[in-house]
Amino acid sequence: MRKFLHNVLFIEIMKALKLVFSHYFVKEVTLQYPHEKTLLPNTQRGALCLLRYEETQEERCVGCDLCGVACPSACITVVSEVDEKEGQIVRRYASSFDIDITKCVFCGFCVEACPVNALAMTKMYEYSTINKRDLIFDKNKLYDIGEKFHGEAKGYLVAHNQENEDEEIVSQYRYRFPASRQEDETEPEKKKAAPKLEAAVKTND
Amino acid sequence: MSSVNKQNASPDRKVELIDIVIDGKTVQAEEGSSLFNAIKWTGVELPAMCYHYSFSPFGSCGLCLVEVEGKKNNVRACTAKVIEGMVVNTQTEKMVDAQKAAIEKHLKTHPLDCPVCDKDGQCELQDMAYDLEVYDIKEGKRKVIPEDTRAVALDFNMERCILCGQCINVCKEVQLVDALCFYKKDKAKHVGAHGGETLDCEFCGDCLAVCPVGAIVNKFSKYTFKPWQLEKTETTCGFCSDGCTLTLETKAREIKVVTSELSYTSKFGFDIEAGDGHGGICVRGRFGFQYVMSDKRLTLPQVKNNGEFLEIPWFKAMIEIAKRLNDIKAAYGGDAIAGLISGRCTNESVYLFQRFMRSVLDTNNIDTAARYGHMNSVLALQETLKIGGATISLQELALSDAILMVGSDFTETNPITALRVKASMAEYGGKLMVAHNTETKMLKLATLPLQIAVGSESHFIQGLVKAVLSKGLADSDFIEKQPAAYTALKSAVAQISETVVAEKTGLEWEKIEEVAQTLALSKRGVLLWAEDIVSKTGAYQNVQRLIDLALLCGLFRKKGAGILPVCEENNEQGAVDMGAVPEFLPGQIPFDLEDERQRFESAWHATLPSASAKRPGLSLPEIIEAAHRGEIKALYLVGENPLGTLPASMKVREALEKIDLIICQDPFMSETAEIADYVLPVATFAENEGTYTNIVGDVNRVVEAFSPRDEVRPDWKIFSDLSKNLGHPIQYRAVEEIRAEINTLVPGYYRQDKTMQIGDLSEDFARHVADRYKTKENKKTDTTVTLSLQQSLYHSGKLSTHDENLMEINSKNFLQISPADAEALQAETGDLINIKSAFGQLEVKIEVAEALPKGLVCYPIHFNDPPVKDLMTVEVDAKSKAIYFRSIAVTLARSASLDLKVIASEKALQEREETESSAKAEQT
Amino acid sequence: MATENPPTKERNPHLPLLRTEELLLNLGPQHPSTHGVLKVILSLEGEKIIKSEPVLGFLHRGVEKIAENITYNQFIPHTDRLDYVCAMYNNFAYVRAIEKLLNITVPERAEYLRTIVAEVQRIIGHLFWLGTQALDIGAMTVFFYTFREREVLLDIFVDLCGARLTTSWYRVGGVERDFDEKIIADIYRFIESFHEKIAEYDTLLINNRIWLARTKNIAVISGEDAIAYGLSGSTLRGSGVDYDLRKVAPYGAYDKVEWTVPLGKKGDTYDRYWVRMEEMKESSKIVKQCLDQLPEGPYKAYLPKYVAPDKERVFTDMESMIYQFKLYSDGFDAPPGDIYCGTEAHKGELGFYIVSQGGGKPYRLKIRAPSFVHMGAFDFMAKGYMIADIITIFGTYDIVMGECDR
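Residue numbers (the numbering used here), protein chains in the order written: chain A, 1 to 205; chain B, 1 to 924; chain C, 1 to 406.
Now the structure itself:
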């Protein structure tokens with residue numbers, strides 16, 4: 001009898017409808033993108049950017065291409081060059097740094113790999129363009145993103161344990177380029193007749 | 001298993017083996033050898049950062065520690081010697097800890113340079129730290145030493161240096177140069193030139209190659225690459241005839257660095273046998289790659305139109321050239337067409353060129369750069385013994401027990417084969433005798449240095465032949481088998497006067513006898529001759545005499561003994577082998593041999609040009625002559641530049657201007673190309689597939705590192721295209737097909753184990769032998785100074801002068817002059833002096849060179865600014881048609897400008913004195 | 001009559017030819033309910049399925065071959081894209097295989113973190129399955145409700161690792177990033193309210209007559225057959241086989257918490273639905289217990305040879321910088337050998353078979369993808385059912401073509 005009533009009166013359907021209609025009175029969870037946007041956390045792995053040192057505005061990147069070799073989709077191309085000043089090489093930098101964002105998988109491995117924390121990710125995720133070539137982010141664009149979303153990039157580095165929050169600790173590490181010397185300032189030692197090396201490492205033999 | 005030290009591994013030595021126990025296994029080791037080597041051959045790879053098989057163990061890194069029973073402390077395996085009954089343990093925990101400690105010591109002071117260091121990724125310190133799991137080390141004080149960038153090609157970064165001393169050892173023990181040493185400065189140990197001076201060595205770069213860290217840096221590619229970005233291509237060097245194997249490391253169609261076998265990854269040398277080289281390369285090979293990427297390279301075919309070059313597409317150029325060649329061939333016949341090919345083209349290109357010229361253009365007027373000298377050796381050897389090149393291998397050269405080197409500045413022309421010679425002396429205990437008129441580097445090292453007078457090579461050789469015969473040292477086998485030749489020789493040399501020889505050469509007769517004795521009694525003697533013999537007057541006869549000497553000393557008979565005629569360009573030998581000379585078909589088969597001609601005709605589906613005495617085919621000097629007479633209507637130049645090479649006195653320009661059609665195929669715009677009608681851009685060795693034949697006849701592979709830039713094409717494609725347009729298509733899809741064709745026509749040419757088959761002694765030998773020992777009364781010239789064109793270590797032909805790197809290392813177009821002559825002129829290095837020959841005079845900067853004897857001035861043949869070569873006379877050998885233009889008598893004089901300068905400086909001095917004195921006067 | 005005109009086998013030539021034959025029908029690869037790009041060639045007799053032949057490979061990317069050319073670590077983002085619905089579990093299965101190859105252990109906290117995230121991922125996977133299965137069958141509302149919850153969990157993932165789907169959060173020797181307070185609080189909040197949500201789905205489905213009609217006795221597979229076909233995960237357990245790798249060969253923190261393995265009876269679609277609903281409840285239990293027990297400690301192992309050093313050390317230590325460069329350029333030096341490591345992903349047993357010859361790259365890497373193995377049983381399970389059921393059958397073992405085609 002109960003089963004018959006159940007079948008005839010569509011009890012379970014009614015219950016379901018009750019549940020569904022009750023949701024008219026629940027606060028909606030949908031966001032009306034693009035008018036509304038979600039608040040993204042600092043960890044968000046969005047567009048990549050390049051950073052400069054805050055105090056000197058010098059490019060952090062030394063063009064070591066570790067990001068390029070760490071990248072699982074091989075989307076980073078780095079060409080390194082040197083800056084010369086009066087015949088002295090004063091820094092190594094990336095003369096071109098291209099990230100093919102169409103290939104990028106946003107895994108963040110490049111950021112993890114970077115030995116000078118020059119790379120970071122931002123919360124930027126809107127890449128739509130009418131020209132496909134715009135999606136190959138070159139060095140200028142990456143630095144522009146870095147400037148525009150500087151806070152986000154710093155936040156990312158901190159959130160992903162790449163950089164310390166404490167500015168003082170961060171500023172301790174600055175890459176010092178090997179300086180050159182042109183002239184011999186000191187008097188050279190007298191020429192040794194038979195140059196012989198005492199063992200560089202003292203062992204106990 | 002036995003352990004062999006590379007050192008003292010001469011075949012003559014008796015090896016005493018003793019038993020030692022390594023990790024519980026009993027192994028045999030050579031008495032007195034390094035314990036490290038004994039352990040190495042059991043398969044245990046002990047970590048060692050200062051070890052390299054090519055030099056003796058040094059013991060600076062302290063990593064190869066082992067436990068020896070009975071000794072309290074750890075033992076460094078590399079410097080320890082094996083002792084009978086030794087019990088050695090290599091894999092104990094204590095050892096690993098000690099090894100870790102040794103690495104830690106380096107890491108504590110090492111700068112955090114990995115991001116910028118070029119060595120990162122192929123760094124032994126990184127590998128060691130990783131393999132030994134060194135971590136959590138105590139913080140140390142990092143070194144702060146500025147980089148030493150004073151030297152030309154190499155930078156020294158002492159912060160990164162781990163003081164392993166490999167660079168010093170390889171320089172000292174392998175190169176025998178000893179340019180590097182440790183020195184102390186600011187309480188820190190440095191590596192650099194002696195006394196901390198600016199390094200000024202050969203820049204072979206072996207120190208760079210063995211450096212396990214980034215302490216020695218290649219200046220030209222510094223900071224521009226990382227190893228994982230580079231693509232590696234193993235190919236053969238395109239400079240000298242050594243035929244070294246190089247690895248071109250390229251990034252985006254740019255050569256970044258050139259490396260070779262020699263590196264820390266090959267340090268154990270497991271597959272190295274006695275006599276193998278150390279795998280290094282020379283300054284040219286290592287740094288001379290920039291010309292491949294040069295902006296001055298030609299990119300499109302060019303046609304001369306109203307005196308100006310216009311770029312045209314390939315198909316148009318091919319059609320036009322084919323049409324004009326066809327017209328000339330129809331109007332004047334094939335004899336009006338001539339071709340010259342450089343000794344730098346691959347075997348396949350040379351082969352195709354001669355096939356194209358002979359079968360399509362119906363001409364035998366082809367010649368190659370070997371005509372500048374090497375043809376003397378080839379023709380003389382062919383005439384006497386039916387061989388066409390060296391009869392030893394490089395290993396045999398290194399293991400020889402006596403080497404006589406005549407007229408060769410071997411370290412400059414063939415630096416890597418020279419290392420084998422050095423090894424034969426320094427490592428395997430051979431004797432080295434060097435006869436040269438300047439005090440070359442090799443002469444200084446030689447066990448028996450023989451500085452002979454300028455132009456006395458012929459006397460020296462005759463003296464040697466005489467000495468062998470008169471002392472009864474002649475090979476008994478030779479006497480037995482060739483009695484006629486022996487007696488003919490003996491009677492021929494009878495008239496040679498010992499005193500004349502001694503007087504002419506400036507050597508004592510006893511010394512010549514000593515040389516003769518050493519060579520004749522040697523077990524594995526090697527006779528080596530080079531440019532000073534083959535490209536100077538009387539070369540053909542000199543080579544013949546040298547062959548006599550070799551025969552008398554039994555060098556062709558004894559195993560491991562032989563001769564080594566040295567050629568200059570990388571594939572000169574190959575060019576002759578491939579038949580790019582009128583005398584030979586491929587395989588050095590005489591052109592007039594009817595059976596062989598038919599074989600080639602059927603293979604090529606063509607008729608060869610007639611081989612009658614009327615039309616023997618013209619060699620290089622004859623082509624120029626014929627052009628003078630207006631008989632040559634078209635000239636096809638492949639990489640050759642006669643205008644830039646030959647002296648003005650040969651009137652090449654006038655000859656070339658009479659030719660209707662000149663086609664020039666070159667990577668760069670050369671002097672000859674400027675007056676050509678068509679200039680076709682071709683690929684360099686890095687963009688080419690093929691093979692090169694080296695100094696000893698080994699055929700080495702050339703591999704394309706990247707496809708040719710722009711519209712540039714490899715030689716063989718151009719010949720193939722032209723033949724198609726000429727209506728006789730010779731088409732190939734790839735170089736492999738040409739190689740297969742060569743292999744069928746010249747069987748076994750590519751075999752790695754091929755040996756030179758020494759033929760029977762020519763029947764005419766006895767008849768002609770007297771001719772070459774007739775003393776010609778040389779015209780007594782009152783020359784006091786001889787000008788000689790010499791090769792430089794840093795350059796190879798004209799090609800390397802397009803290379804920015806090599807020009808930066810050395811672009812000295814100085815006239816080298818002996819100190820005595822300089823003093824006589826009262827001139828110093830850098831001064832301009834006036835040099836005058838019968839053909840003109842010019843002013844040239846001088847450089848005082850200690851090595852030169854009085855009365856000899858040298859100028860590098862690679863440079864032509866000022867055009868010193870135009871002072872030269874030209875002589876054509878009657879027999880071999882080789883062209884000699886390398887030496888001439890000159891007079892030196894103070895240049896007017898030099899006088900002016902001196903006056904000016906005197907004046908300045910005077911003025912200064914005056915002002916000073918006046919000032920003093922004022923003061924007082 | 002009958003004797004006069006007996007029926008003959010010969011055809012009357014005046015009558016038109018009526019042929020009956022199997023109908024071949026291509027379903028997919030563009031069908032919206034094929035969960036990717038799956039094509040099935042169906043042989044139909046009327047509406048009845050006689051034979052179904054899945055055609056795979058539309059989504060083949062050759063990831064196994066890619067793996068041979070990149071370092072072990074670089075392959076982690078590629079595993080995200082296998083079963084793109086549950087990237088975390090793929091990561092987990094992969095790094096477990098590598099850890100087995102390297103023979104390294106993970107700190108306890110990392111094990112807990114991994115277990116929590118894996119179970120959250122399982123909930124996401126089941127929610128995703130439930131929503132799409134109901135949608136396929138025609139119940140659209142469930143889809144919205146399950147995705148609402150899924151969204152909450154994905155937001156936690158974004159907080160955790162910065163990506164919703166392509167997470168790459170697991171690392172060899174630990175995880176990329178530790179939980180922070182917010183994530184723990186969020187997960188707690190979710191778990192607390194989750195049973196209410198499950199009740200909502202139950203209200204919509206558990207007694208719904210259409211749902212029952214479409215799932216009961218559909219695609220029945222017995223326990224024996226399921227084992228014979230190599231089925232695994234909830235598909236296997238729906239047939240009543242008690243086999244769960246988390247119990248059989250415990251990993252992570254599964255052996256430290258209490259939970260049960262729900263089992264079906266009949267092995268039909270409804271049972272599998274029920275098992276998955278129960279598993280979600282079990283998962284939330286596991287997550288809650290793990291969070292309660294979460295120990296203090298490092299979130300990644302200190303094994304410099306295999307695990308990249310902390311960034312701060314890279315700036316100051318020579319050896320850390322060396323390890324940083326070695327690990328990111330050449331990869332870690334894995335010992336030679338071969339291993340298989342299976343992990344209970346929400347779809348079934350996800351296994352990685354790795355052959356190493358030493359060095360930083362695998363010589364061969366084979367992925368045992370549950371979706372692919374389940375595809376083998378497709379014909380068996382679909383035979384005899386109506387064409388209208390085919391979509392249900394697709395859904396019932398929760399296939400994702402990214403994993404199936406690889």
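Yeah, the Cβ is synthetic: ideal placement off N, Cα and C, and Gly gets one too. Please read these numbers as outputs of a predicted model, since none were measured by experiment.
Requested in this report: State buried or exposed for B:G24, treating a residue as buried only when at least 16 other CB atoms are found within 10 Å of its CB.
Outcome: Around the beta carbon of B:G24, fewer than 16 other beta carbons sit within 10 angstroms, so the residue counts as exposed.
Report task. Go through its chain and collect everything with a Cβ distance to B:K81's Cβ below 8 angstroms, but skip five positions before and after it. Result -> Counting only Cβ-Cβ distances below 8 angstroms, and skipping sequence neighbours, we find G32, S33, S34, L35.
Query raised in the report: Quick one, which residues of the segment 126 to 149 of chain B are near chain C if we go by CB-CB under 9 angstroms, in chain order?
Result: Listed by position along the chain: Q126, D127, A129, Y130, D131, E133, V134, Y135, D136, I137, E139, G140, R142.
**Report entry** CB contact below 8 angstroms: A:E126 versus chain B
**Finding:** Chain B, which has no Cβ nearer than 8 angstroms to the Cβ of A:E126, makes this no.
Query - Limits of the beta strand (DSSP E) - the one that A:G80 falls within - result: The displayed chain sequence assigns Ser, not Gly, to residue 80 of chain A. 76 to 85 is the span of the beta strand (DSSP E), which, as asked, contains A:S80.
Query raised in the report: Per DSSP, C:S52 is paired with what?
Result: Looking at the DSSP assignment, C:S52 forms a beta bridge with C:L42.
Query raised in the report: Going by beta carbon distance, what residues of the same chain come within less than 6 angstroms of B:V75, once the five residues before and after it are set aside?
Result: Taken in chain order, the residues that qualify are V66, V68.
Report task. Determine the contact status of B:I695 and B:Y351, defining contact as a CB-CB distance below 8 angstroms. Result -> No, the Cβ-Cβ distance between B:I695 and B:Y351 is not below 8 angstroms.
Requested in this report: Using alpha carbons as the reference points, say which of C:C290, C:G360, C:A110 lies closest to C:E176.
Outcome: If you compare the alpha carbons of C:C290, C:G360, C:A110 with that of C:E176, the shortest gap goes to C:A110.
Report task. Whole angstroms is fine: what's the gap from A:A159's alpha carbon to A:V69's? Result -> A straight-line Cα-Cα distance of about 24 angstroms links A:A159 and A:V69.
Query raised in the report: Going by DSSP, what residues sit across from C:A67 in a beta bridge?
Result: Partner(s): none; C:A67 has no beta bridge.
Report task. With DSSP collapsed to three states, give me the class of B:R894. Result -> Annotated three-state conformation of B:R894 is strand, per DSSP.
Query raised in the report: Which partner residues does B:F36 have in the DSSP bridge list?
Result: Paired residues: none, contrary to the question.
Query raised in the report: Excluding sequence positions up to five away, which residues of its chain have a Cβ less than 7 angstroms from the Cβ of B:C553?
Result: Short of 7 angstroms from the beta carbon of B:C553, and not among the five residues preceding or following it, lie these beta carbons of its own chain, in chain order: V468, D475, L519, A520, G525.
Report task. Count the other CB atoms, across all protein chains shown, that sit within 10 Å of the CB of A:F25; report buried if there are 16 or more and exposed otherwise. Result -> Counting Cβ neighbours within 10 Å, A:F25 comes out exposed, since fewer than 16 surround it.
Query - Of the listed residues B:Y678, B:Q826, B:A611, B:S811, nearest to B:E308 (C-alpha basis) - result: The shortest C-alpha separation from B:E308 is found at B:Y678.
Query raised in the report: Does C:E319 come within less than 8 angstroms of chain B when only Cβ atoms are used?
Result: Interface residue, yes.
**Report entry** Environment of B:L909 [buried if 16+ CB atoms lie within 10 Å]
**Finding:** With fewer than 16 other Cβ atoms within 10 Å, it is exposed.
Report task. Helix, strand or coil for B:V313, going by three-state DSSP, please let me know. Result -> The question names Val, yet the displayed sequence has Pro at residue 313 of chain B. It is coil, neither helix nor strand.
Query raised in the report: Where does A:H35 land, buried or exposed, given buried means 16+ other C-beta within 10 angstroms?
Result: Exposed.
Query raised in the report: Rounded to the nearest angstrom, how far is the Cβ of C:K361 from that of C:T71, given a contact under 8 angstroms?
Result: With a Cβ gap of about 6 angstroms, C:K361 and C:T71 count as contacting.
Query - Under the three-state DSSP convention, the category C:P29 falls into - result: C:P29 carries a coil assignment under DSSP once its states are collapsed to helix, strand and coil.
Query raised in the report: What residues of chain C sit near B:W228, judged by a beta carbon separation below 9 angstroms?
Result: By Cβ distance, chain C contributes S329, D330.
Query raised in the report: Under a three-way DSSP split, which group does A:M124 fall into?
Result: The answer is coil: DSSP assigns A:M124 none of H, G, I, E or B.
Query raised in the report: In chain B, which residues lie less than 7 angstroms from C:I322 when you measure between Cβ atoms?
Result: Residues of chain B passing the Cβ test: C114, Q126, A129, Y130.
Query - Listed by chain order, chain C residues near A:L40 by CB distance under 8 angstroms - result: Going along chain C in sequence order, the residues near A:L40 (Cβ under 8 angstroms) are V158.
Query raised in the report: Quick one: is C:F325 near chain B, going by C-beta distance under 8 angstroms?
Result: It does: the Cβ of C:F325 has a partner Cβ on chain B nearer than 8 angstroms.
Query raised in the report: If you follow the alpha helix (DSSP H) that B:K424 is part of, which residue opens it and which one closes it?
Result: Position check: residue 424 of chain B holds Ser in this sequence, whereas Lys was assumed. From DSSP, the alpha helix (DSSP H) with B:S424 extends over 415 to 426.
Query raised in the report: Count the other CB atoms within 10 Å of the CB of A:V8; is the residue buried (16 or more) or exposed (fewer)?
Result: With fewer than 16 other Cβ atoms within 10 Å, it is exposed.
Query - Contact belief for C:D268 with C:K216 at Cβ below 8 angstroms, rounded distance in angstroms - result: Going by Cβ atoms, the distance from C:D268 to C:K216 rounds to 6 angstroms, so yes, they are a contact pair.
Report task. Indicate the three-state DSSP secondary structure (helix, strand or coil) for B:G269 in the structure shown. Result -> In this structure, B:G269 counts as coil in the three-state DSSP scheme.
Query raised in the report: Is the Cβ of A:Q88 closer than 8 angstroms to any Cβ of chain C?
Result: No, no contact with chain C.
Report task. Measure the CB-CB distance between B:C64 and B:F58 and report whether it falls below 8 angstroms. Result -> One thing to note: B:C64 has its Cβ no nearer than 8 angstroms to the Cβ of B:F58.
Query raised in the report: Quick one: does C:K314 have its CB under 8 angstroms from some CB of chain A?
Result: Before going further, note that residue 314 of chain C is Val rather than Lys in the sequence given. By this cut-off, C:V314 is an interface position.
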